[in-house]
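Peer 1: Numbered by the numbering used here, the letters in the sequence shown go through residues 38 to 314 in order. Backbone N, C-alpha and C define an ideal beta-carbon position, used for all residues, glycine too.
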Amino acid sequence: MTWHLGRMAALDFESSDKHPNTARIVTCALILVGGGQPSDYRNWLLNPGIPQEPGAIAVHGITDEYAAEHGQPADQGVTEIVKALSEVVAAGIPIVGHNVGTYDLNLLSHESVRHLGAPLTETIPEAAARMRVVDTMVLDKQSSPFRRRVSETQGPYQLRTTAERYALGWDEKSAHGADYDALMSARVAWHMGNIAHRPREQRPDWVQALRTERFDSLAVGLDELHAAQAGWARRDAESYQRYLRDPAKAGAKHDPNAVINGDWPLTTIPRQQNGGE
């Protein structure tokens, strides 16, 4: 069975800010879909225990007051999420999400350090060897390179853009909820896999118009796809770092000392020391 037809664990977080090393989890959706079985939903609402950035609240709509009143304690929620993800990894089910290997898993890994004293590489048994990830942002950049921004506010590879490229539509009122975003990433993954495993002449016109064979690189086994994504993510990080260091290209974003970590899907995080990060 090809990877897109098997069971997937769609994962998404809404959080207190956009940086995985400082953000706290506010909501989490972990949804098992596909593989000819009924969907299985698990959801969490956590009290992050710190004030959220206003921009984060504007995205997901959950205020500090609401999270404090209705959310479970962060340490309890993180423990439950890590346990649930451990079961997914043990079952050999790939974790699917949009930017999940760069943001979501590293957000959870930092939270694991804060509340469990160690990163996911330790709190999920054999995570480094057994965890398989399908990151639809990494796959989209690989298979459809050089896409332009849709607008000043909509980037070329954000989830909405990717979903619309695959004719999945977009409900902005539901978007940025963990359930919606997780399920949309799983749908995108299915469509990517479906296209990749078709003969080239049977692929959609827009794919054939790319005049690229990059979709072929997605038509591999899950283990090979996981390893390939690590290489593609590293390449993209190196490219972005070069861009930021180039004053002619980066303009106002220019940073001569920019360092973009290309580790994927989990960056190295030291164990908790002296009571926290």
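#1: For N143, tell me which candidate among P156, R251, A274 has the shortest Cα-Cα distance.
#2: Whole-angstrom Cβ separation of M221 and A200, contact assumed at under 8 Å?
#3: What do you get for Q245, buried or exposed, if any count of 16 or more other CB atoms within 10 angstroms of its CB means buried?
#4: Tell me the rounded alpha-carbon separation between I87 and L48.
#5: Could you tell me the alpha carbon to alpha carbon distance between T249 and M38, rounded to whole angstroms?
#6: For L315, which residues from the same chain have a beta carbon less than 6 Å from its beta carbon, with the 5 sequence-adjacent residues on both sides left out?
#7: Enumerate in chain order the residues of its own chain whose CB-to-CB distance from E163 is below 8 Å, with the five nearest sequence positions on each side excluded.
#8: Would the stretch 49-68 and the stretch 212-220 be scored as touching if the rule is three or more Cβ pairs under 8 Å?
#9: Check whether the Cβ of N84 sits closer than 7 Å to any heavy atom of the ligand ZN, and report yes or no.
#10: Classify F183 as buried or exposed, calling it buried when 16 or more other Cβ atoms lie within 10 Å of its own Cβ.
#11: Among V175, A95, Y78, I99, which residue has its Cα nearest to the Cα of P85?
#12: From T305 to R79, what does the alpha carbon distance come to, in whole angstroms?
#13: What residue range does the beta strand (DSSP E) around T64 cover?
#14: Alpha carbon to alpha carbon, how far is E106 from T139? Give it in angstroms, no decimals.
#15: Compare the beta carbon distance of A274 and N294 with 8 Å and say whether it is the shorter of the two.
#16: Using the three-state DSSP reduction, which class does S146 fall into: helix, strand or coil?
#17: For G312, which residues of its own chain have a beta-carbon under 7 Å away from its beta-carbon, when the five flanking residues on both sides are left out?
Peer 2: From the atom records:
#1: Minimum Cα-Cα distance from N143 among the listed residues P156, R251, A274 corresponds to P156.
#2: Their Cβ separation, rounded to whole angstroms, is 5 Å, which keeps M221 and A200 in contact under 8 Å.
#3: It counts as exposed.
#4: C-alpha separation (whole angstroms): 23 Å.
#5: When rounded, the distance between both Cα atoms is 25 Å.
#6: What is shown of the chain runs 38 to 314, which leaves residue 315 out entirely.
#7: Here the set comprises V126.
#8: Taking 8 Å as the limit for Cβ pairs, the verdict is that the stretch 212-220 does touch the stretch 49-68.
#9: With respect to the ligand ZN, the structure shown offers nothing to examine, as it has no ligands at all.
#10: It is exposed - the Cβ of F183 has fewer than 16 other Cβ atoms within 10 Å.
#11: P85 has its Cα closest to that of I99, out of V175, A95, Y78, I99.
#12: Near 27 Å, if we compare the C-alpha coordinates of R79 and T305.
#13: 62-70 is the extent of the beta strand (DSSP E) around T64.
#14: Distance between the alpha carbons of T139 and E106: 30 Å.
#15: Taking 8 Å as the cut-off, the beta carbon of A274 is found no closer than this to the beta carbon of N294.
#16: Helix at S146.
#17: Reliability fails at G312, whose pLDDT of 43 lies under 50, so the model's placement of it is uncertain and the value that follows must be treated cautiously. Within the same chain, G312 has no close Cβ partners at all.
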